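As structure tokens, the structure follows; a few thoughts come after it.
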Amino acid sequence: MKLQQESDRPRRWAQIRNGIREVYRTLKREHFFSLVGLTALVLSIASVAIYLLEYKKITGSGYFDSLWWALVTITTVGYGDIVPKTLAGRLIGLAVVFSGLVLLSMLTATIASVFVTRKIKEGKGLEDIRDRDHIVICGWNPNGLAILKGLEQHLRPNLPVVVLVNNLPRDEVDAIMYHYPDMQIRFVRGNFTKEEILARANVKRARSAIILADTAGGYPPDNADERTVFGCMAIKTLAPKVKTCAELLSAENREHLVRAKVDEIFVRGEYGAAILASAATTTGLSTVMKGLLDLDEPNKLWRAEIPERLIGQTVAELSQYFREKFDGLLIALVAETAPIGLEDILSEDATAIDDFIRRKFQDSGREYFSSKGKLLVQINPALDTLLTRSDAAIVLSRHRPSGASLLEKSLDLVSGGRRGEDR
Amino acid sequence: MIPEIDFLKKIYIFQELTPEEIEAVSQILTPRTFSAETTIMKEGEEGKTMYIIAAGEVLISKSLTMRFGEDDYRETEKTMSKLRAKDYAVFGEMALITEDTRSATVTAATDCTLYETSREDFLRLARDHPDLGFKVMYRLAEMLSKRLKTTGQDVIRLTTALSIALSQ
Chain A
2 MKLQQESDRP
12 RRWAQIRNGI
22 REVYRTLKRE
32 HFFSLVGLTA
42 LVLSIASVAI
52 YLLEYKKITG
62 SGYFDSLWWA
72 LVTITTVGYG
82 DIVPKTLAGR
92 LIGLAVVFSG
102 LVLLSMLTAT
112 IASVFVTRKI
122 KEGKGLEDIR
132 DRDHIVICGW
142 NPNGLAILKG
152 LEQHLRPNLP
162 VVVLVNNLPR
172 DEVDAIMYHY
182 PDMQIRFVRG
192 NFTKEEILAR
202 ANVKRARSAI
212 ILADTAGGYP
222 PDNADERTVF
232 GCMAIKTLAP
242 KVKTCAELLS
252 AENREHLVRA
262 KVDEIFVRGE
272 YGAAILASAA
282 TTTGLSTVMK
292 GLLDLDEPNK
302 LWRAEIPERL
312 IGQTVAELSQ
322 YFREKFDGLL
332 IALVAETAPI
342 GLEDILSEDA
352 TAIDDFIRRK
362 FQDSGREYFS
372 SKGKLLVQIN
382 PALDTLLTRS
392 DAAIVLSRHR
402 PSGASLLEKS
412 LDLVSGGRRG
422 EDR
Chain B
4 MIPEIDFLKK
14 IYIFQELTPE
24 EIEAVSQILT
34 PRTFSAETTI
44 MKEGEEGKTM
54 YIIAAGEVLI
64 SKSLTMRFGE
74 DDYRETEKTM
84 SKLRAKDYAV
94 FGEMALITED
104 TRSATVTAAT
114 DCTLYETSRE
124 DFLRLARDHP
134 DLGFKVMYRL
144 AEMLSKRLKT
154 TGQDVIRLTT
164 ALSIALSQ
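Here the protein sequences line up with chains A and B, keeping their order.
Under the working numbering, the first residue of the first sequence carries the number 2, and numbering increases by one thereafter.
Under the working numbering, the first residue of the second sequence carries the number 4, and numbering increases by one thereafter.
Here it is in structure tokens:
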């Protein structure tokens, strides 16, 4: 967390720089700088003319007074401290007043339009997202609100920016934002299977992406899965390291997502069947299962780090620790293995065999080494299992047991490597 | 040309020997010259001699992949390494122990002078001077066990790479 704070400052500077650059580009596009140039030209011609024709001969005042008069006249301020007295001078004054009226109103209009366009774009979901470490939610369906609720509960107090990418009407997006006033929700309008739309959502710098079965938002619901697959492939092409979680309507399409290397795949109704079966046979079991997943239930599943002193000890001691300290129940152990890279296999002193292996892997042109480790989960681990440094605990408790929540921590782990590269 | 005692003392397998013993060893070494680019030994051929590089450089190439039968003309993967006289290098030393085929092809990279000795000569010398034989054999065994160890590590690296490649 500390690291992140330290890095906030350069990031903010970069944002400011980007903002300034953006304003500059818009102004340039709107011919703002030619207008400024033209105004300056009129000003200098008028002040030189009035200086030569009038002030130099009559009042004997300096050139600065002429410039001052021209500026006061062109902006239609007209103090009247300096006034042309000859006919020639008044004609020049006339020209300056009229050109000033036109030029200055155009200048003001240009500046105003920059801000107005941005505001309009924002409302329509046409702006480019500049946030980093945000969560992108592609597509929308009625479960989306529950997802936002879950994100809010798990990630509080460090709520991330959430970017919605979908084609919902404006009022529905407003309604979503209204539901979660604490969260920073941004909106990008468009089809998330298109790379340029994903690029506008800055998916490259995102922490993770959730691809929902897009049954809302005007696309035919029949091919929602198809669009999910295309969207996942587009995200994996644009940002291979961003964690992706996708929702499918039909299990048939799972293999496509596996092939696209999507990190987490959920098929809608997958677990409903198990709960239904248990409801029919075992009284109470289904209620417990539902309760575990219900966001309104005070008892929740959390991910907790294992305290340093318990590493090397048994699961029995760990469950006792959670029981006593957090009134929590140890449900599972999860361990994330470090990713294996090619260099991990090869020896330090490059031998002929090392060269051979490296060359063969490179020649194959395929990605054999993923940048992500594997996740090993042990549900209800045996009491005599020894705890290692790579283990973390999944605990059922009323309050978050010390430190990070389930979602935040696992997201951090996935994006950790990528963030490291950014700096 | 009789090999110099000082030079022979620096060869790894002779390092334990006394000056008298080295003198005896030098009796069974015959100098041979090879002009650049000539083949000194060929992988797969019968070999009965060991060489010490006295001057020049040789190129050692060893197949990394198998060739299937006589008709297989596919290019095999090869490793290349160079040995120089100043490394006090020997090659073909396995022929001193086993009657087997050469495991690598050696060609002269420059014009070079080598000392050659055959298995018969060496074994006769070792039988006549058991002390000498033991010391040289000990060093040879040391060399081979080191090589066996690196080969074992190579095998582990290759099997790991293979399992990664197949698990995809």
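C-beta: ideal position from N, C-alpha, C; glycine also.
Source: prediction; values computed, not measured.
Measure the CB-CB distance between residue i and residue j and report whether it falls below 8 Å.
i               : j               : result
M140 of chain B : E96 of chain B  : no
I130 of chain A : A202 of chain A : yes
L239 of chain A : E196 of chain A : yes
A214 of chain A : D226 of chain A : yes
F362 of chain A : G342 of chain A : no
V335 of chain A : I395 of chain A : yes
I450 of chain A : L250 of chain A : Chain A is shown only over 2 to 424; residue 450 of chain A falls outside these bounds and no answer can be derived.
E31 of chain A  : T109 of chain A : no
L67 of chain B  : F357 of chain A : yes
R208 of chain A : H135 of chain A : yes
V204 of chain A : V137 of chain A : yes
Please report how far the alpha carbon of residue i lies from the alpha carbon of residue j, in whole angstroms.
i               : j               : result
K2 of chain B   : Y91 of chain B  : Residue 2 of chain B is absent from the structure shown; chain B starts at 4 and stops at 171.
E40 of chain B  : A111 of chain B : 5 Å
D264 of chain A : R18 of chain A  : 34 Å
D124 of chain B : K51 of chain B  : 10 Å
L169 of chain B : Q379 of chain A : 26 Å
S148 of chain B : R142 of chain B : 10 Å
V28 of chain B  : S38 of chain B  : 26 Å
L286 of chain A : L302 of chain A : 17 Å
S279 of chain A : G273 of chain A : 10 Å
L11 of chain B  : V109 of chain B : 21 Å
A261 of chain A : T216 of chain A : 21 Å
T77 of chain A  : I121 of chain A : 31 Å
Q156 of chain B : P340 of chain A : 21 Å
E306 of chain A : R157 of chain A : 18 Å
I198 of chain A : N192 of chain A : 7 Å
F116 of chain A : I75 of chain A  : 25 Å
T282 of chain A : T288 of chain A : 12 Å
L53 of chain A  : L44 of chain A  : 14 Å
V415 of chain A : C246 of chain A : Residue confidence for V415 of chain A is low, a pLDDT of 43 falling below 50, so the modelled location carries little weight; the figure read from the coordinates is stated next. One C-alpha to the other measures close to 12 Å.
D413 of chain A : R401 of chain A : Its pLDDT being 44, under 50, D413 of chain A is placed unreliably by the model, and the measurement read from it follows with that caveat. Using only the alpha carbons, I get a separation of about 17 Å.
C139 of chain A : N167 of chain A : 6 Å
G79 of chain A  : F34 of chain A  : 25 Å
V158 of chain B : K152 of chain B : 10 Å
L258 of chain A : P221 of chain A : 20 Å
L95 of chain A  : V24 of chain A  : 34 Å
I211 of chain A : D328 of chain A : 32 Å
I'd like the span of the beta strand (DSSP E) that includes residue i, first residue to last.
i               : result
K301 of chain A : K301 to E306
T36 of chain B  : T33 to F37
S398 of chain A : D392 to S398
R187 of chain A : Q185 to R190
M55 of chain B  : Per the sequence shown, residue 55 of chain B should be read as Ile rather than Met. Residues T52 to A58.
S209 of chain A : S209 to I212
I380 of chain A : L376 to I380
K152 of chain B : Element bounds for K152 of chain B: not the beta strand (DSSP E) but the alpha helix (DSSP H), P133 to S170.
Y118 of chain B : C115 to S121
Starting from residue i, trace the alpha helix (DSSP H) in both directions and tell me its first and last residue.
i               : result
R359 of chain A : A353 to S365
T238 of chain A : A225 to L239
E197 of chain A : E196 to R201
E425 of chain A : There is no way to answer for residue 425 of chain A, as the model of chain A reaches only from 2 to 424.
L293 of chain A : L286 to L294
Q154 of chain A : G145 to L156
K13 of chain B  : First-last for K13 of chain B: undefined, no H or E at that position.
E55 of chain A  : Counting along the chain, E55 of chain A falls outside any alpha helix (DSSP H), and DSSP gives it neither H nor E.
Give me the Cβ distance between residue i and residue j, rounded to the nearest whole Å; I'm assuming they're in contact under 8 Å.
i               : j               : result
L296 of chain A : G151 of chain A : 6 Å
L311 of chain A : L388 of chain A : 6 Å
V164 of chain A : R187 of chain A : 5 Å
R399 of chain A : N300 of chain A : 6 Å
A353 of chain A : T113 of chain B : The pair is not a contact, with the Cβ atoms about 22 Å apart (cut-off 8 Å).
T116 of chain B : T36 of chain B  : 5 Å
G313 of chain A : E337 of chain A : So it is not a contact: roughly 18 Å between Cβ atoms.
R105 of chain B : M44 of chain B  : 5 Å
A2 of chain B   : A57 of chain B  : Since the first residue shown for chain B is 4 and the last is 171, residue 2 of chain B is missing from the structure and cannot be characterised.
L99 of chain B  : R122 of chain B : 6 Å
Under 8 Å (Cβ pairs) to chain B, residues found in the segment 335–357 of chain A: I341, I346, L347, S348, T352, A353, I354, D355, D356 and F357
Residues in the segment 140–166 of chain B having any Cβ partner in chain A nearer than 8 Å: Those residues of the segment 140–166 of chain B that come within reach of chain A (Cβ to Cβ, closer than 8 Å) are T153, Q156, D157, R160, L161, T163 and A164.
Contact list for the segment 36–68 of chain B against chain A, Cβ threshold 7 Å: L67
Contact residues within the segment 263–275 of chain A, judged by C-beta distance below 8 Å to chain B: none
Contact list for the segment 112–134 of chain B against chain A, Cβ threshold 9 Å: none
Selection of the segment 367–381 of chain A by Cβ proximity to chain B, strictly under 9 Å: R367, E368, Y369 and F370
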